[in-house]
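Position 67 of the sequence shown, counting from 1, maps to 68 under this note's numbering, and the rest follow consecutively.
By construction, the Cβ of each residue, glycine as well, lies at the ideal position given by its N, Cα and C atoms.
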Amino acid sequence: LQNATVGMTVGVIEVLCLQPFNYCKNALQQGQPLTADPRKLYRGVSANAVNMGCCTMIQFAVGGSFKKLVLAGEDRTLKMYEEMGTGIAAGVISAFVGSPLELIMIQQQRKGGGAVE
Numbered sequence: 002l003q004n005a006t007v008g009m010t011v012g013v014i015e016v017l018c019l020q021p022f023n024y025c026k027n028a029l030q031q032g033q034p035l036t037a038d039p040r041k042l043y044r045g046v047s048a049n050a051v052n053m054g055c056c057t058m059i060q061f062a063v064g065g066s067f068k069k070l071v072l073a074g075e076d077r078t079l080k081m082y083e084e085m086g087t088g089i090a091a092g093v094i095s096a097f098v099g100s101p102l103e104l105i106m107i108q109q110q111r112k113g114g115g116a117v118e
């Protein structure tokens, strides 16, 4: 539960800080003009916050669970390949949640609208 809470919190904070950069990246990729209007800069932020919050929550929680599973009660640090394996597995699992939500965010930025409109 602690890993999940930290993951969700960190994910939402990340989105709130980086959303304008994400908007600029998507606008440039789609050939749209850039703006400093916060209503456009933060369009899609709710889907992005849910996406990142859920993804990092899943990554932290699943990664922590996999680490415990690999350690099987042993008092040691994970070897590099074990650390990489648990991280990759957590990332793959979180992608099942993140990919559809990323598409929603991009569509909201591209076509307008938001979760509350």
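Item to check | For Gly-8 and Gln-60, believed in contact at Cβ under 8 Å, the rounded distance | outcome: Right, the Cβ-Cβ distance comes to about 6 Å (below 8 Å), so this counts as a contact.
Next on the checklist: So, with DSSP's three-state summary, where would you put Tyr-43?
Outcome noted: The answer is coil: DSSP assigns Tyr-43 none of H, G, I, E or B.
Checklist entry - Along the chain, where does the alpha helix (DSSP H) that runs through Ala-90 open and close? => result Segment 81-112, the alpha helix (DSSP H) holding Ala-90.
Item to check | Range covered by the alpha helix (DSSP H) that runs through Ala-28 | outcome: Counting along the chain, the alpha helix (DSSP H) containing Ala-28 begins and ends at 3-30.
Next on the checklist: To the nearest angstrom, how far is the alpha carbon of Ile-105 from that of Ala-48?
Outcome noted: Approximately 7 Å between the Cα atoms of the pair.
Checklist entry - Hey, Gly-54 and Gly-88 are a contact pair by Cβ (cut 8 Å); roughly how many whole angstroms apart? => result Actually they are not in contact, since the Cβ atoms of Gly-54 and Gly-88 sit about 19 Å apart, beyond 8 Å.
Next on the checklist: Looking only at its chain, what residues have a beta carbon closer than 7 Å to the beta carbon of Met-58, apart from the 5 residues adjacent to it on each side?
Outcome noted: Within the same chain, Met-58 has close Cβ partners Ala-5, Gly-8, Met-9, Gly-12.
Next on the checklist: What does the Cβ neighbour count give for Arg-77, buried or exposed, with the cut at 16 atoms within 10 Å?
Outcome noted: Label assigned to Arg-77: exposed.
Item to check | Under the three-state DSSP convention, the category Thr-36 falls into | outcome: Coil, per DSSP.
Next on the checklist: I'd like to know whether the C-beta atoms of Gln-110 and Gly-45 end up nearer to each other than 8 Å.
Outcome noted: A contact, by the Cβ cut-off of 8 Å.
Item to check | Length of the line joining the Cα atoms of Pro-21 and Asp-38 | outcome: So the two alpha carbons sit approximately 10 Å from each other.
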